[in-house]
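Protein sequence lines correspond, in order, to chains A and B.
For the first sequence, the numbering used here begins at 14 and goes up steadily by one.
For the second sequence, the numbering used here begins at 14 and goes up steadily by one.
We put the beta carbon where it would ideally sit given N, CA and C, even for glycine.
Single-structure report; data block below.
There are 2 protein chains.
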Amino acid sequence: MTEINPKDPRDPAAYERPSVAVDLVLMSIVDAAPAVLVMRRADPPFAGQWALPGGFVRIDESLDEAARRILRDKARMDGAYVEQLYTFGALGRDPRTRVITTAYLALLSADSFAAALRAAPALKLAKVLTAWTGEAGGPAGVAIEGAAAPLAFDHADILGTAMLRLRGKLDYSNVAFALLPEAFTLRELQDIYEAVLGVTLNKPAFRRRMLDKGWLEATGARESGASFRPAELFRRAINPRQ
Amino acid sequence: MTEINPKDPRDPAAYERPSVAVDLVLMSIVDAAPAVLVMRRADPPFAGQWALPGGFVRIDESLDEAARRILRDKARMDGAYVEQLYTFGALGRDPRTRVITTAYLALLSADSFAAALRAAPALKLAKVLTAWTGEAGGPAGVAIEGAAAPLAFDHADILGTAMLRLRGKLDYSNVAFALLPEAFTLRELQDIYEAVLGVTLNKPAFRRRMLDKGWLEATGARESGASFRPAELFRRAINPRQ
DNA sequence: GCAATAGTGTCTGTCAGACAATATAGG
DNA sequence: CCTATATTGTCTGACAGACACTATTGC
């Protein structure tokens, strides 16, 4: 279908084209630890291994649309927080043929995460294994049902990049809210920060800092069910002042 | 050459493939203002308009290699600081055919910038026009020889993304050094920060902060040629403590 | 000595960490 | 009242901004 004419470097049709895919890093914080949704590969290459959900980009959809479609089809999910992460274009990353993949990062609340696991049986929860070795970043492994499992392709690199991005954005943006349900307590918000950053934070200071940012709005409601003083529930402010 | 078989969603060959390109944002700070190198397009689409240097990714090179090759071929430059910026995959961004482009950001010193302009006559210096409208970001225009000029394709979006990335990384990384020559004064370093952030900074505080970070190393040498007290020259520390 | 910029000292307000004290739900 | 956690108050040290002061070069 495509005639290769290597004579004209300005003509897009003069180049053999790579396949372009989108892979999703569906992350949440479960039991105070980062977790990601993976699927077991049925076919070669890497048959039997775990991989991030993904798919090829169609010729009539944008990259963002492809990410949304795969989120919908493979995780039965709509309306999550999604942002482009990085594009992986090394030569040997897919042994079949040349595949360039643009990874997207989606952040889900623990509730949405559980809902996706119920709605899409092919998905499996994997805990992210991160050696917090300084700023290096590097690839991140996963553990499934307690046992370390290798990831297919370069998906460990993708996951490592996702963890770095998430850590980096916590400080200066409000992505943390994407990992929480509509209403949440300050303790739950702090748990998110501590799980992602891998540190323990000072409670009064954290409280002050968050309230001063103006990102939060009191709902007036309180937690229920605990046998001690219930915490106040907050939500994301409608008009956050920057 | 490629047989389309839409029946098997797992087969890369089952999808019509987009063209994949790489575009470079070659940035520097010239006369205390952000500047970028552009080329005038000779052929349609957007013939006569200005565009970022770029090219199609070959089937036997990685994305990073393609960026380096284009840097070498179009800007006659080697060894600059280069990082991947973002991948632009909207549907109509190239009127000829489906082209997905991965943009790379390269940071150059004013000296390297001038050298590239001399070595590659097709390149032209363009001043970046940024309306510092809050955090929005948005597209950024350019001015060439004092007159505003439209950019081809979605290159204004790419440039806007580059400016945002540069601004964001100044605070927590040492990218500023990539915009300076080997040896530089603290005033020159501060000029970089002020030009990129669009603010004026306090001199003693800036000095303290930079020296405390441990990224700098005194060379022992001093500026020369000025008719006033010469400033001490620093270089990037070999073993920066984080 | 003069001009112009480099570099330093000091005060002050802001803010995060530490830690203690108080508040409040269920039992 | 007791337990466990939420929420608040206060002290303190680190640090950035402001601003004045001293240092040094060419002329």
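Beta-bridge pairing by DSSP links D36 of chain A to A:G67, A:A116. When C-alpha distances from A123 of chain A are compared across A:V35, A:G154, A:I72, A:A93, the shortest belongs to A:A93. DSSP lists B:L50 as the beta-bridge partner residues of L138 of chain B. Any Cβ of chain A closer than 8 Å to the Cβ of Y206 of chain B would place that residue at the interface, and such an atom is absent. At a cut-off of 8 Å between C-beta atoms, D36 of chain A does not count as an interface residue with respect to chain B. The beta carbon of I113 of chain A falls within 8 Å of a beta carbon belonging to chain B, placing the residue at that interface.
In the DSSP assignment, T174 of chain B falls outside any beta strand (DSSP E) and within the unbroken alpha helix (DSSP H) covering 168 to 185. The Cβ of D56 of chain A sits closer than 8 Å to at least one Cβ of chain B.
DSSP places R23 of chain A outside any beta strand (DSSP E), giving it a letter other than H or E. Under the three-pair Cβ rule at 8 Å, the region 70 to 87 of chain A does not count as touching the region 150 to 165 of chain A. About 5 Å separates the beta carbon of L136 of chain A from that of L50 of chain A, a gap short enough to meet the 8 Å contact definition.
Residue contact with chain A for T143 of chain B: absent (no Cβ-Cβ distance below 8 Å to any residue of chain A). In the structure shown, E236 of chain B falls within a coil segment according to DSSP collapsed to helix, strand and coil.
CA-to-CA, the gap between G181 of chain A and E78 of chain A works out to about 25 Å.
Here the region 168 to 179 of chain B does not lie against the region 218 to 234 of chain B, with fewer than 3 beta-carbon pairs under 8 Å apart.
The beta-carbon of P25 of chain A is placed less than 8 Å from the nearest beta-carbon of chain B. One Cα belongs to L121 of chain B, the other to I205 of chain B, and the distance between them is close to 12 Å.
Spanning the alpha carbons of A133 of chain B and R89 of chain B requires a straight line of approximately 6 Å. Counting C-beta pairs with one atom in each stretch, the region 103 to 111 of chain B and the region 21 to 34 of chain A have three or more that are closer than 8 Å, which means they touch.
Going by C-alpha positions, R54 of chain B is about 51 Å away from E230 of chain A.
The beta carbon of V43 of chain A is closer than 6 Å to those of A123 in its chain, skipping five residues each way along the sequence.
For A156 of chain A, the enclosing beta strand (DSSP E) stretches over residues 154 to 157.
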